[in-house]
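Asker:
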Amino acid sequence: MLITNENRRFARMPLAVLVSAMLSPAAFGVSFEAGDFEFTVDSNLSVGSTWRVGDADQGNIGSSNGGQGASTTPDDGNLNYQSGDAVSQVFKGIHDIGVTKNQFGAFVRLKYWYDYALAENDVPHGHGPNNYQPNAPLNDDAFSDYGQASGIELLDAFIYGEFELGDMPLDLRVGRQVLSWGENTFIFNSINSVNPIDVTALRRPGSEVKEALLPVGMVYANLGLTDYLSVEAFYNWEWDDFKIDGCGTFFSGADVIGGDGCTILTLNVNGDQTDVATGAYATRALNLESDGDDSGQWGAALRYFAEGIDTDFGLYYMNITSRTPILSPVFWKQVPGTAPIPTGGPQYIAEFVPDQQIIAASFSTTISDWSLSGEWSFRPDSAVQFNPSEMLAALFTPTMPVGPYQPVNEAIARLGAGDLTVLGEKFDGYQELDVHQIQFTTVKFFDQVMGASRLTLVAEAAMNIVNDLPDISEARFGRSTLYGKCSTVADQIGMGNPNPDGDINCGGFVTDTSWGYRARLVWDYSDAFAGINLKPTIAWNHDVDGTSPNSNFLEDRRSFGVSLAADYLSRYNGSISYTNSIGGDYNSLSDRDYVSLSLGMSF
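What the sequence shown shows, in mature numbering (1 follows the signal peptide of the UniProt record, and there is no 0), is residues -29 to -1, 1 to 574, in sequence order.
Right, dumping it as structure tokens:
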């Protein structure tokens, strides 16, 4: 029997695709034919603004900058924007162009933007790239291309075709593209890790789901072995990293990364401006950095549709280079020092660890009227970041004498920094640990509810598990530098306290288990008035327990959001939203509440 491509495209739409379609604005677009070729063009233009609401929490600002935090490293974004300030005012365009002929085709996506607030507005504090010049615009040349105030970027650009390999259908795509594997919807660090995430795009008002994942160059193939069994594979020839918030912008959580120009780590001595002027800072050693490894990135998947139980199953394997940076210090001094962190020489780098493996499985089914999916992913020898405060202090003064700085010496011993003897030698700022992630997603439609034609519930919960996580007396992972150094009982005894009451300031580090959930309620009011469709949404995120070795969970961190989206004739759209961050004793972004407004049109 000849197996057709349509036969092996399983009936159930993946939940992530379903939810993306539900949350995205309606597409309009045009199509036309020229001979045997069919063309489609979809365009979206939008303008929008985001404003900060609420004042900064003094606990999220470093002490030398006038706050109560132990470090100035994560506070530039907080100091640059006050309540009511516009943090983004953007005009943006996205254009999709497709062409098909018979079973072959090509697709290109292009986007451009201009952010007036980032380009023109003065900010009171500044950031490292402009040497903390107050009352001047940020220097966005320091950011990634995607994070700058203006730009034009080619996103997707690939060709594709459908073939027959014997009696088996083969789909082939070559070029810059997005490959979505797994079943996740809201929670990251899952199976869906082939493409990096453009965080800067998602921060802008009027952002669209299709902007979230950045295309990378790859070859992708899907071969239908039977009506119910298929095998997929990809090979990356291009690597790219997460596009994180530029240092000093509103959402920035670290002043030392966010672009190749974010290269200054002030040492919380006399405030950022004075520290830069007096040399009390560390620098990022760009000459020792390199982009992530393009080679050796590949993956394969086996998909099976069990018709009897109406369930899709998947098995996956990937070997990729990390898309998120690890901070690693550089050994810079061989002569004993007398200060806790001597100035005028310390260096660090941002590195991307190669050969990160992912082994995973997934399922997707329907139980009664509930769509349910889940996945398990395992990352053996995953690179987990050491606590930056302790690590950087240890490496900046690797031969510090004993006495009041005994805790730093103990950090040196624990982390192995004392083994470094060559100037310019890098210390790996991570330990390889086995990390599991288990998550479940459900979607339920309720028709004719509260006057709406449909109410949609989307919920996702996940858990991270770290095998053989060292005790904090041996090594400490994660936690913002804002919260300073942990002092364990052993540390206090070493400092001359024979009867310590317990650990001091030792919460918020990575734990062996952590979990949380995300939920969305979306009401659809079709033709609410004058042909306008309304879509109110409530969003709730809650990190219930523990801290994950990635960005997923930070105990008791919560956020609440409400929004109202409208569209008219599937051509004009608008939205207004409010997001409130709540809780988390070690959440350095707990005070970044904001309101966004956007207007757009599709054609």
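Beta carbons are placed, not taken as given, at the ideal position from N, Cα and C, and that holds for glycine.
(1) State the DSSP-derived secondary structure class of residue 140, mapped to helix, strand or coil.
(2) If I measure Cβ to Cβ from residue 430 and keep anything under 6 angstroms in the same chain, skipping five residues before and after, which residues do I get?
(3) What's the C-alpha gap between residue 186 and residue 118?
(4) Taking the CB atoms as reference points, tell me whether residue 524 and residue 532 lie closer together than 8 angstroms.
(5) To the nearest angstrom, report how far apart residue 356 and residue 419 are at their CA atoms.
(6) If we count the other Cβ atoms within 10 Å of its Cβ and call it buried at 16 or more, is residue 565 buried or exposed?
(7) Note down, in chain order, each residue of its chain lying with its Cβ closer than 8 angstroms to the Cβ of residue 463, except the 5 sequence neighbours on either side.
(8) How far does the alpha helix (DSSP H) with residue 48 in it extend, from its first residue to its last?
(9) So, helix, strand or coil for residue 34, using DSSP?
(10) How far does the beta strand (DSSP E) with residue 404 in it extend, from its first residue to its last?
(11) Helix, strand or coil for residue 185 per DSSP?
(12) Once the 5 residues before and after residue 540 are set aside, which same chain residues still bring their CB inside 7 angstroms of it?
(13) In whole angstroms, give me the CA-to-CA distance for residue 574 and residue 67.
(14) Applying the 10 Å Cβ sphere with the 16-neighbour rule, what's the burial state of residue 559?
(15) Kindly list the residues whose CB is nearer than 7 angstroms to the CB of residue 169, restricted to its own chain and excluding five residues on each side of it in sequence; keep chain order.
(16) Identify the residues that DSSP records as bridge partners of residue 300: which are they?
(17) I need the DSSP call for residue 447, collapsed to helix, strand or coil.
(18) Rounded to whole angstroms, how far is the Cβ of residue 35 from the Cβ of residue 41, which I believe are closer than 8 angstroms?
(19) What does residue 562 pair with, by DSSP beta-bridge criteria?
(20) Return the CA-CA distance between residue 239 and residue 572, expressed in angstroms with no decimal places.
(21) Alpha carbon to alpha carbon, how far is residue 245 from residue 266?
(22) Pull up the DSSP beta-bridge partners for residue 507, would you.
(23) Measure from the alpha carbon of residue 218 to the alpha carbon of each residue in 27, 276, 17 and 233, then state which is nearest.
(24) Starting from the C-beta of residue 199, find all residues in its chain whose C-beta is less than 7 angstroms away, skip the five residues before and the five after it, and write them out in chain order.
(25) By a C-beta neighbour count over all protein chains shown, 10 Å radius and 16 as the cutoff for buried, is residue 500 buried or exposed?
(26) Would you identify the three-state DSSP class for residue 158, choosing helix, strand or coil?
(27) Since residue 189 and residue 207 are thought to touch, with beta carbons under 8 angstroms apart, how far apart are those beta carbons, to the nearest angstrom?
(28) Identify the residues that DSSP records as bridge partners of residue 327: which are they?
(29) What does the alpha-carbon distance come out to for the pair residue 487 and residue 446?
(30) Using the Cα positions of residue 458 and residue 359, report the straight-line distance between them to the nearest angstrom.
(31) Just curious, the beta strand (DSSP E) that residue 431 is in, first and last residue?
(32) Going by the CB atoms, is the gap between residue 115 and residue 230 shorter than 8 angstroms?
(33) Using a Cβ-based criterion (distance less than 7 angstroms to any ligand heavy atom), does residue 356 qualify as near the ligand MN?
(34) Quick one: any contact between the stretch 247 to 267 and the stretch 328 to 338, if contact means 3 or more CB pairs under 8 angstroms?
(35) Which residue marks the beginning of the beta strand (DSSP E) containing residue 202, and which one marks its end?
(36) Is residue 438 near residue 408, with beta carbons less than 8 angstroms apart?
Answerer: The structure says:
(1) strand
(2) 413 and 490
(3) 16 angstroms
(4) no
(5) 49 angstroms
(6) buried
(7) 471 and 475
(8) 47 to 51
(9) helix
(10) 401 to 420
(11) coil
(12) 502
(13) 11 angstroms
(14) buried
(15) 117, 182, 183, 185 and 214
(16) 319
(17) coil
(18) About 10 angstroms; that fails the 8 angstroms criterion.
(19) Paired residue(s): none; residue 562 is not in a bridge.
(20) 47 angstroms
(21) 44 angstroms
(22) 535
(23) 233
(24) 275, 276 and 278
(25) exposed
(26) coil
(27) 5 angstroms
(28) 291
(29) 24 angstroms
(30) 15 angstroms
(31) 423 to 437
(32) yes
(33) By its list of ligands, the structure shown contains no ligand whatsoever, and the ligand MN lies outside what it can speak to.
(34) no
(35) 200 to 207
(36) no
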